[in-house]
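Trainee: Here the protein sequences come in this chain order: P and R. Just so we're on the same page, my numbering is the position in the first sequence counted from 1, plus 1073. Just so we're on the same page, my numbering is the position in the second sequence counted from 1, plus 1. Backbone N, C-alpha and C define an ideal beta-carbon position, used for all residues, glycine too. Sharing a structure with you now.
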Amino acid sequence: MKNRSGLYASWERFGWTMSAPSVLFLVAMTSIPLLSLLVMGTWRIDLTNPMGNRWIGISNYLEMLQDSRFWNAAWVTAIYTVSTVVLQVALGLVMAVALFRQVRGQGLIRVSVLLPMILAPVVVGLAWRTLILTPEYGILDYLAISLGFGSKPWLGDPRWALASVIIIHTWQWTPFAFLVFLASLHALPQEPLEAALLDTKTAWQRFRYVILPMIRPAIVIVVIFRTMIALRAFAAIFSATGGGPGTATEILNLYAYRVSFNDLNLGYGAAVATLLLFLTLAISAIFFRMRGSVIS
Amino acid sequence: MFSFQARKRRSLMVASAGMTYIVIFILLLVWAFPVLWVVMTSLKMRTDIFVVPPKIMFKPTLEHYIEALKTQDILEGIGNSLVVASGTTILTLMIAVPAAYVFARVRFRFSTQTSFFVLFTEMAPPMGLIIPYFFLLNHLRMLDTYTGLIAMHMTLTVPFAIWLMITYFQDLPATLEESAAIDGASPFTTFLRVVLPNVWGGVGVTAIFAFIESWNEFLYAVVLTGSKTKTATVAIFGFLAAEESRWGPFTATGVMIMAPVIVMALFAQRHIIKGMTMGTTKG
């Protein structure tokens, strides 16, 4: 944002004309809906029984406090978010450190890790549900049987189902952490890195005392980016388990969806979504502060 | 001297060569194989799909593709996805590219604040947008229209497109517009005739991102579309909804949804990776 030429410094009208369509579009399609969301959260809006719709203040939020399904969703969201982010960072780091001096095969590696991130999450979720996790015929279950672990109820049992959707998300997004760490390892000043590496003896020391401190900013960024994305995860879980069995994999985002579009209870759904909005805002506020201090 | 340094470099690897190859092998197995397995399953005859142990070698058939395309929903779904993704891409470029240009190169009042507003909109949680939007469209009787879905997809693509294009405009030499200004050309003419021809590559990458985002999108599509505009990502559920799982036509449809994205990934992998990791490193 800083390298402006300043050539058209006084051309206010030009600047506004060129940016107005985008800015007006985004105000109309994001700012206004989000403000409406705040208002909707204070109403009872039940499309199946519109006669009873009225302003109810904070009742939706009070109801949430009593709602065991909401607390379940909050708990599932916490487990899902923390474990997927931790797994992505840990696995991504191992992969990046193992491969960053590797020259051959870079193209093949890049394409294969790129695929999970850019393929439709619905196809990914459905493929896992069928080809990979189906008892007996799924490739992972076949592997588990062959290795002597026996067939597992991957999506049929509440605990296994939560573990499965965590595995799916981790599979899909570890490549992101890997690519970011790989890029920041390549961007490090190579000579101090070499010198520091010379001073250390074991591989673990090199990792712990040289590499880890140097790419800490990248780790922070990945954690924040991925936390925000984990909170809006939807399509892959929806297609793999639909939130089930029961509510075992129902994260808050999915709960807001089910309340709003299955039960058509839009007011309560809006209140849940408002909570998600503030959670996201809080994390992005941290993000901006970190970005200010760590990056520049 | 050089060979000495090269040897040093090897000895300084954090991971040993053996470990490196193991990691590469696992990486390809874990990340590339599932995608390959979907493609293989789509080409297997029905009797070859549900067998233990899974078949690696088999006689390929296109029967599932034919069956999938004969399914009304799938053929229409792919058509609808094409309409929505193309519409989203074109409209996104039309409004985002000019905005990115002025954010990158022109100083005007509130330009910094406005560009931060754009960055901020990218973080709007989709569930928070779709609930009021559904309520509105339901009132206007505009559910199940292309317009409604395209507008919603553009909330995903426009902010990202602006930020991606800003990086391409910033890379242009500062002197680019000066000669045109000396010739007395208006800023609009300069933008169209001098600047745009220098960033077609970036516009192409931005178009790929917008197309993939819209083509793959599911939440907005499942909420907003009905029988008339159902996209492919929604229609694919039809094969797995009932008790009987039709893996053949499901994987065939999955491959048809994935194919254009895989082709784009092969052509533009470096640019796609650069765009995806944008904002995570200093440069």
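Could you please tell me which residues of the segment 1324-1346 of chain P, in chain order, have their CB closer than 7 Å to any CB of chain R?
Mentor: Correct list: Asn-1326, Ala-1329, Tyr-1330, Ser-1333, Phe-1334, Leu-1339, Gly-1342, Ala-1343, Ala-1346.
Trainee: Looking at chain P, is there any beta carbon in it that lies within less than 7 Å of the beta carbon of Trp-32 of chain R?
Mentor: yes
Trainee: What residue does the alpha helix (DSSP H) around Pro-188 of chain R start on, and which one ends it?
Mentor: 188-191
Trainee: At a Cβ threshold of 7 Å, is Thr-1314 of chain P touching chain C?
Mentor: Among the protein chains of the structure shown, namely P and R, there is no chain C.
Trainee: Is the separation between the beta-carbon of Ala-100 of chain R and that of Ser-1092 of chain P shorter than 7 Å?
Mentor: yes
Trainee: Is Trp-1370 of chain P helix, strand or coil by DSSP?
Mentor: Any question about residue 1370 of chain P goes unanswered here, given that chain P covers just 1074 to 1369.
Trainee: Would you list the one or two residues that DSSP bridges to Trp-1116 of chain P?
Mentor: P:Trp-1128
Trainee: Assuming His-154 of chain R contacts Val-224 of chain R (C-beta within less than 8 Å), just tell me the rounded distance between them.
Mentor: Incorrect: roughly 12 Å between the Cβ atoms, too far for contact.
Trainee: Under 8 Å, with one C-beta from each stretch per pair, do the segment 1100-1109 of chain P and the segment 122-132 of chain R reach the 3-pair mark?
Mentor: yes
Trainee: On the DSSP bridge list, what partners appear for Asn-1338 of chain P?
Mentor: According to DSSP, which records beta bridges pairwise, Asn-1338 of chain P is partnered with P:Asp-1119.
Trainee: Ser-4 of chain R CB to nearest chain P CB: under 7 Å?
Mentor: Residue placement at Ser-4 of chain R cannot be trusted, given a pLDDT of 43 that sits under 50; what the coordinates show is reported in the next sentence. For Ser-4 of chain R, the answer is no, since every Cβ of chain P falls outside 7 Å of its Cβ.
Trainee: If we count Cβ pairs, one from each stretch, closer than 8 Å, do we get three or more for the segment 203-211 of chain R versus the segment 120-127 of chain R?
Mentor: Touching, no, given that fewer than three Cβ pairs across the two stretches are closer than 8 Å.
Trainee: With a CB to CB cut of under 7 Å and the five nearest residues on each side skipped, what residues in its chain are close to Leu-1228 of chain P?
Mentor: Arg-1202, Leu-1206, Ala-1234, Ser-1237, Ala-1313, Thr-1314
Trainee: Could you have a look at Glu-123 of chain R and say whether DSSP puts it in helix, strand or coil?
Mentor: coil
Trainee: Rank R:Met-259, R:Phe-251, R:Pro-160, R:Asn-217 by C-alpha distance to the C-alpha of Thr-115 of chain R and give the top, closest one.
Mentor: R:Pro-160
Trainee: Could you name the residues of the segment 1120-1143 of chain P whose beta carbon sits closer than 9 Å to any beta carbon of chain R, in the order they occur along the chain?
Mentor: Cβ proximity to chain R below 9 Å picks out Leu-1120 from the segment 1120-1143 of chain P.
Trainee: Buried or exposed: Met-257 of chain R, going by 16 or more other Cβ atoms within 10 Å of its Cβ?
Mentor: Buried is the call here.
Trainee: So, is Ala-1146 of chain P buried or exposed, given that buried needs 16 or more other C-beta atoms within 10 angstroms?
Mentor: Ala-1146 of chain P counts as buried, since at least 16 other C-beta atoms from the protein chains shown sit within 10 angstroms of its C-beta.
Trainee: Drop a sphere of 10 angstroms on the beta-carbon of Ser-187 of chain R, count the other beta-carbons inside from all chains shown, and report buried for 16 or more, exposed for fewer.
Mentor: exposed
Trainee: Using three-state DSSP, classify Trp-1084 of chain P as helix, strand or coil.
Mentor: coil
Trainee: What distance in whole Å lies between the Cβ atoms of Val-1295 of chain P and Thr-156 of chain R, which are believed to be in contact at a cut-off of 8 Å?
Mentor: No, Thr-156 of chain R and Val-1295 of chain P are not in contact; Cβ-Cβ is about 25 Å, not under 8 Å.
Trainee: Let's see if you can read the secondary structure: which residues bound the alpha helix (DSSP H) around Trp-1201 of chain P?
Mentor: Run containing Trp-1201 of chain P: none; DSSP gives neither H nor E here.
Trainee: Does Arg-108 of chain R come out as helix, strand or coil in the three-state DSSP assignment?
Mentor: Three-state result, Arg-108 of chain R: coil.
Trainee: Determine the direct distance from the alpha carbon of Met-1113 of chain P to that of Arg-142 of chain R, and round the result to whole angstroms.
Mentor: 19 Å
Trainee: Interface residues of chain P around Gln-270 of chain R at Cβ under 8 Å?
Mentor: Gly-1180, Arg-1183, Val-1184, Leu-1187
Trainee: Closer than 8 Å by C-beta to Glu-1323 of chain P: which residues in its own chain qualify, once you throw out the five before and the five after it? Chain order, please.
Mentor: Arg-1142, Asn-1145, Ala-1146, Val-1149, Gly-1316, Gly-1317, Arg-1331
Trainee: Mind listing which residues of the segment 158-169 of chain R have their C-beta closer than 8 Å to chain P's C-betas, in chain order?
Mentor: Val-159, Pro-160, Ile-163, Ile-167
Trainee: Determine, for Thr-1103 of chain P, whether the minimum Cβ-Cβ distance to residues of chain R falls below 7 Å.
Mentor: Under the Cβ criterion of 7 Å, Thr-1103 of chain P is counted among the residues facing chain R.
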